[in-house]
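Chemist:
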Amino acid sequence: MTDNFSILDHLNPPQQEAVTFGEGPLLILAGPGSGKTRALTHRAAYLIKKNKINPENILLLTFTNKAADEMKERLAKLLDHQVTKQQSSSAAKLPFAGTFHSFCARILRIDGRQLNIPPSFTIYDTTDQREAIKMAMNEVDISEKQFKPIAILKTISQAKNELISATEYPQYARGLFQTNVAQIYLVYQKILKKHQALDFDDLLFQTVRLFQKEKQILTKYQNQFHYVLIDEYQDTNQAQYILTRQLVGKWHNLCAVGDASQAIYGFRGANYRNLLSLKNDFPDLKIINLEQNYRSTQIILDAANEMIKKNTNHPILNLWTQNGKGQLVSLYEARSELDEAAFIIKKIGEYLFQTNDFSPADFAVLYRTNAQSRVLEEAFLHASIPYRLVGGTRFYEKKEIKDCLAHLKYYANPQNKVAYKRIEKLGKRRLKKFLIFLKKSKEKNLSTLELLDKILKTTGYLDLYDVKNKDDLARLENIKELRSVATEFLDLTKFLENVALFEQEYPTSLEASLPSVTLMTTHAAKGTEYPIVFIVGLEEGLFPHSRSLLEKEGIEEERRLFYVGMTRAKRKLYLTYARRRLYFGQKSTNAISRFVNDIPSHFIEFANENLLE
DNA sequence: GGTCACACAGTTTTT
DNA sequence: CTGTGTGACC
Numbered sequence: 217m218t219d220n221f222s223i224l225d226h227l228n229p230p231q232q233e234a235v236t237f238g239e240g241p242l243l244i245l246a247g248p249g250s251g252k253t254r255a256l257t258h259r260a261a262y263l264i265k266k267n268k269i270n271p272e273n274i275l276l277l278t279f280t281n282k283a284a285d286e287m288k289e290r291l292a293k294l295l296d297h298q299v300t301k302q303q304s305s306s307a308a309k310l311p312f313a314g315t316f317h318s319f320c321a322r323i324l325r326i327d328g329r330q331l332n333i334p335p336s337f338t339i340y341d342t343t344d345q346r347e348a349i350k351m352a353m354n355e356v357d358i359s360e361k362q363f364k365p366i367a368i369l370k371t372i373s374q375a376k377n378e379l380i381s382a383t384e385y386p387q388y389a390r391g392l393f394q395t396n397v398a399q400i401y402l403v404y405q406k407i408l409k410k411h412q413a414l415d416f417d418d419l420l421f422q423t424v425r426l427f428q429k430e431k432q433i434l435t436k437y438q439n440q441f442h443y444v445l446i447d448e449y450q451d452t453n454q455a456q457y458i459l460t461r462q463l464v465g466k467w468h469n470l471c472a473v474g475d476a477s478q479a480i481y482g483f484r485g486a487n488y489r490n491l492l493s494l495k496n497d498f499p500d501l502k503i504i505n506l507e508q509n510y511r512s513t514q515i516i517l518d519a520a521n522e523m524i525k526k527n528t529n530h531p532i533l534n535l536w537t538q539n540g541k542g543q544l545v546s547l548y549e550a551r552s553e554l555d556e557a558a559f560i561i562k563k564i565g566e567y568l569f570q571t572n573d574f575s576p577a578d579f580a581v582l583y584r585t586n587a588q589s590r591v592l593e594e595a596f597l598h599a600s601i602p603y604r605l606v607g608g609t610r611f612y613e614k615k616e617i618k619d620c621l622a623h624l625k626y627y628a629n630p631q632n633k634v635a636y637k638r639i640e641k642l643g644k645r646r647l648k649k650f651l652i653f654l655k656k657s658k659e660k661n662l663s664t665l666e667l668l669d670k671i672l673k674t675t676g677y678l679d680l681y682d683v684k685n686k687d688d689l690a691r692l693e694n695i696k697e698l699r700s701v702a703t704e705f706l707d708l709t710k711f712l713e714n715v716a717l718f719e720q721e722y723p724t725s726l727e728a729s730l731p732s733v734t735l736m737t738t739h740a741a742k743g744t745e746y747p748i749v750f751i752v753g754l755e756e757g758l759f760p761h762s763r764s765l766l767e768k769e770g771i772e773e774e775r776r777l778f779y780v781g782m783t784r785a786k787r788k789l790y791l792t793y794a795r796r797r798l799y800f801g802q803k804s805t806n807a808i809s810r811f812v813n814d815i816p817s818h819f820i821e822f823a824n825e826n827l828l829e
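End of the first sequence = 829 in the working numbering, gap-free, step of one.
1) Kindly identify the DSSP beta-bridge partner or partners of Y457.
2) Based on the DSSP output, what are the partners of T792 in its beta bridges?
3) Nearest CA to the CA of Q462: which residue from Y481, V424 and G482?
4) Keeping to the same chain, check which residues put their C-beta closer than 7 angstroms to that of H468; ignore five residues upstream and five downstream.
5) With a threshold of 16 other CB atoms inside 10 Å of the CB of N377, please say whether the residue is buried or exposed.
6) Closest to K786 by C-alpha separation, out of K625, L434, I516 and R776, would be which residue?
7) Determine the burial state of G607: buried for a count of at least 16 other Cβ atoms within 10 Å of its Cβ, exposed for fewer.
8) Could you give the first and the last residue of the continuous beta strand (DSSP E) run that contains N804?
9) With distances taken Cα to Cα, identify the nearest neighbour of M287 among K268, R254 and K466.
10) Quick one: measure Cβ to Cβ for A595 and I561, integer angstroms, because I've assumed they're closer than 8 angstroms.
11) Can you pull the DSSP bridge partners for H761?
12) Can the beta-carbon of Y340 be found less than 8 angstroms from the beta-carbon of I372?
13) Which first and last residues belong to the alpha helix (DSSP H) in which K429 is found?
14) Work out the CA separation of S575 and S600 for me, nearest whole Å.
15) Nearest to K406 by alpha carbon, out of L651, N332, F811 and Y636?
16) Ends of the beta strand (DSSP E) at P747?
17) I need the boundaries of the beta strand (DSSP E) containing G474, first residue and last residue.
18) Going by the beta-carbon positions, is the gap between L754 and T792 smaller than 8 angstroms?
19) Output the boundary residues of the beta strand (DSSP E) element that contains E769.
20) Could you name the residues that DSSP lists as bridge partners for E821?
21) Name the residue from E549, N505, V581 and F421 whose alpha carbon lies nearest to the alpha carbon of Q454.
22) Per DSSP, what kind of secondary structure is Y437 in: helix, strand or coil?
23) If I follow the unbroken beta strand (DSSP E) through V444, where does it start and stop?
24) Assuming F312 is part of the beta strand (DSSP E), what are its boundary residues?
25) Please report the distance separating the alpha-carbon of V581 from that of A292.
26) Check for me: the beta strand (DSSP E) holding R604 runs from which residue to which?
27) Could you name the residues of the same chain whose beta carbon sits closer than 8 angstroms to that of F579, not counting the 5 residues immediately before and after it, in chain order?
28) Would you call the region 708-715 and the region 544-561 touching, i.e. three or more CB-CB distances under 8 angstroms?
29) To the nearest angstrom, how far is it from the Cα of Q440 to the Cα of N273?
30) Along the chain, which unbroken stretches of the beta strand (DSSP E) at least 3 residues long are found entirely within the region 457-544?
31) State yes or no: is the C-beta of V444 within less than 8 angstroms of the C-beta of L419?
32) When the Cα of D451 is compared with those of G474, V780, Q432 and L459, which residue comes out closest?
33) In its own chain, which residues sit with a C-beta less than 6 angstroms from the C-beta of R543, not counting the 5 before and 5 after it?
34) Using a Cβ-Cβ cut-off of 6 angstroms (strictly less than) and excluding sequence neighbours within five positions of A472, which residues of its own chain qualify?
35) Which residues mark the beginning and the end of the beta strand (DSSP E) in which S274 is found?
36) If you follow the beta strand (DSSP E) that V581 is part of, which residue opens it and which one closes it?
Structure representation (structure tokens):
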């Protein structure tokens with residue numbers, strides 16, 4: 217099985233072409249379900265095994281840790297490696313595979329000194345950033361009521377994505393709001409510097425600046441990474457785009473994989489045009505289309521194809537499959553959001569209880585906004601069908617976790633004023649005890665877990681929670697979970713790095729292990745697949761969302777989102793909309809989504825007739 | 001220093 | 001409707 221050619225087995229001709237493509241820039245346009253990750257990992261494996269490229273000379277960049285982990289795992293399998301979570305890519309025989317952010321953090325810890333970034337810098341997450349923004353606003357005397365800190369933060373983040381520094385920003389600032397942002401931006405950066413902190417955007421921005429300023433450092437990394445492979449290239453922002461160009465500037469061995477039709481993160485700075493402009497950047501760019509789909513039925517693909525064709529701003533792949541035609545797409549018109557939920561329960565019930573072919577895990581319900589989940593949850597609870605909600609508050613964003621981490625962060629870096637303020641808020645007495653403890657324990661070489669336990673004990677933090685209270689118990693459980701993460705990282709710095717850049721697999725509770733119907737936003741559904749998919753709330757103003765109706769670009773992104781949703785379905789797709797809906801306590805009557813009308817009617821059957829009593 | 005009431009805002013999300 | 005965050009009050 218270690219035979220080189222086994223890597224090419226079970227790959228279709230365009231996939232093989234992508235995998236065996238030699239030197240030079242390569243763009244793989246990969247439709248949904250076309251084996252994109254497969255092509256990418258196989259290509260890396262092929263480079264290593266067949267072309268005898270040293271794994272250390274290959275760089276794999278992704279957007280999420282989940283994707284990076286999957287790459288590593290698949291690659292290890294292809295290379296017959298044993299990888300455990302502990303050693304992961306440090307085992308030297310696998311290429312570096314990680315997110316842009318973790319890659320940049322690594323570079324800045326090594327070479328950031330050139331930009332006066334201390335190697336032990338702290339990474340500020342969104343909550344930390346907000347606190348720092350508030351401090352900055354306070355300092356320049358701009359009221360939080362006049363301008364919302366979050367809005368300021370968003371604007372600064374956008375500027376950083378566009379590689380506009382605090383000193384450059386004033387010259388671009390137009391109008392009252394941006395003039396204020398300009399002032400705050402400068403002070404915000406000053407505060408970050410004083411705290412020895414970088415925010416997520418800084419990780420990218422500072423790395424780009426480092427490469428611009430110190431050519432010999434850029435050359436060092438160019439010489440290390442002869443081959444750069446990037447997943448989901450349509451999701452790159454300007455900073456990531458420039459960074460990529462810097463990295464591949466010497467060898468031009470870029471392999472980018474993506475699909476403009478699945479670009480759904482424009483709102484956070486992603487620009488799918490980066491994918492299209494590769495042609496201009498590299499005149500010798502080789503483009504390979506992966507259009508054979510292994511996931512869905514032909515009817516689902518045809519319906520999705522025809523729908524997405526209404527977009528004119530980007531090229532569209534023509535998906536086809538050897539799977540059968542399959543069933544028509546079902547459309548249900550509900551009277552209300554309750555009726556919509558009832559329909560879904562009824563349908564899932566039929567599959568589950570009238571046949572033996574389905575498990576709850578075979579179903580997904582996709583919605584546009586999180587606020588829609590409640591009604592669905594209640595219906596599932598009522599019907600006793602197990603469900604799993606994807607999303608919600610993320611583990612490291614939870615209050616109790618942030619509280620614990622604040623202590624550890626301050627311990628690691630007393631410059632971290634945001635952490636200090638957070639601890640202070642928990643009570644002056646606790647703070648005092650903590651500070652005394654800090655002085656006493658500095659010399660002792662404590663592991664992360666020992667440290668955490670001692671802090672919890674001396675400050676009496678756990679006393680805030682009552683074991684008999686259900687919510688409090690959940691919080692205590694979360695802290696337990698954090699303790700178990702702490703056991704994995706003896707070194708506090710390593711632990712904090714992990715916390716800042718890697719989301720915990722979560723939850724590990726009982727219900728989650730039971731086969732369950734998945735409820736999630738359509739965004740969260742990207743990259744997943746289910747035999748039976750329901751997309752709900754297909755109404756004008758909801759999907760497409762009212763906030764996107766103004767510009768064409770907004771509508772096109774919503775359409776791509778719907779396309780992503782449709783192409784999650786393997787066997788059967790249900791679309792539903794409600795004539796009347798209660799949303800945020802407000803009644804509304806909406807027209808059916810234009811996207812449903814974009815699907816040719818011969819792919820659709822109406823589910824209502826079957827329900828008439 | 002801690003609790004409670006009121007105002008208020010509410011796409012989408014990863015790092 | 002509901003979670004969050006701020007400010008007033010004990």
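Positions of the beta carbon are idealized from the N, C-alpha and C atoms, including for glycine.
Modeler: According to the structure data:
1) According to DSSP, which records beta bridges pairwise, Y457 is partnered with nothing at all.
2) The partner list for T792 (beta bridge, DSSP) reads Y548.
3) Nearest of Y481, V424 and G482 to Q462, Cα basis: V424.
4) These residues qualify, in order along the chain: G240, P241 and F498.
5) The residue is buried, with at least 16 neighbouring Cβ atoms inside 10 Å.
6) The shortest Cα separation from K786 among K625, L434, I516 and R776 belongs to I516.
7) The residue in question, G607, is exposed, as its Cβ has fewer than 16 Cβ neighbours within 10 Å.
8) The displayed chain sequence assigns Ser, not Asn, to residue 804. Per DSSP, S804 belongs to the beta strand (DSSP E) from Q802 to T805.
9) Relative to the Cα of M287, the nearest Cα in the group K268, R254 and K466 belongs to R254.
10) About 5 angstroms; that satisfies the 8 angstroms criterion.
11) H761 pairs with G757 and L758.
12) Not in contact: Y340 and I372 (Cβ atoms no closer than 8 angstroms).
13) Start and end: F416 to K429.
14) Rounded to whole angstroms, S600 and S575 show a C-alpha spacing of 14 angstroms.
15) Taking K406 as reference, the option from L651, N332, F811 and Y636 with the minimal CA-CA separation is N332.
16) In this chain, the beta strand (DSSP E) harbouring P747 covers Y746 to I751.
17) Where G474 is concerned, the enclosing beta strand (DSSP E) stretches over L470 to G474.
18) Taking 8 angstroms as the Cβ cut-off, L754 and T792 qualify as a contacting pair.
19) Unbroken run through E769 is the alpha helix (DSSP H), K768 to M782; no beta strand (DSSP E).
20) E821 is bridged to S546.
21) Looking at E549, N505, V581 and F421, the one whose alpha-carbon comes closest to that of Q454 is F421.
22) Y437 falls in the helix class under three-state DSSP.
23) Here the beta strand (DSSP E) through V444 covers Y443 to I446.
24) Counted as a single uninterrupted DSSP element, the beta strand (DSSP E) harbouring F312 occupies residues F312 to T315.
25) Those two C-alpha atoms are separated by around 33 angstroms.
26) Per DSSP, R604 belongs to the beta strand (DSSP E) from Y603 to L605.
27) Once the five neighbours on either side are set aside, the close Cβ partners of F579 are I564, Y567, V733, T734, Y746, P747, I748, V749 and F750.
28) Contact between the region 708-715 and the region 544-561 is absent: fewer than 3 CB-CB pairs across the two stretches fall below 8 angstroms.
29) In this structure, the alpha-carbon of Q440 lies about 5 angstroms from that of N273.
30) Unbroken beta strand (DSSP E) runs of no fewer than 3 residues, entirely contained in the region 457-544, are found at 470-474 and 502-506, following chain order.
31) Taking 8 angstroms as the Cβ cut-off, V444 and L419 do not qualify as a contacting pair.
32) Comparing alpha carbon positions, the residue from G474, V780, Q432 and L459 closest to D451 is G474.
33) Rather than Arg, the amino acid found at residue 543 in this sequence is Gln. Closer than 6 angstroms at the Cβ level, and outside the excluded window around Q543, lie K788.
34) Cβ within range, chain order: L243, I446 and Y449.
35) For clarity, residue 274 is Ile in the given sequence; the question names Ser instead. I274 to T278 is the span of the beta strand (DSSP E), which, as asked, contains I274.
36) That run of the beta strand (DSSP E) goes F579 to Y583.
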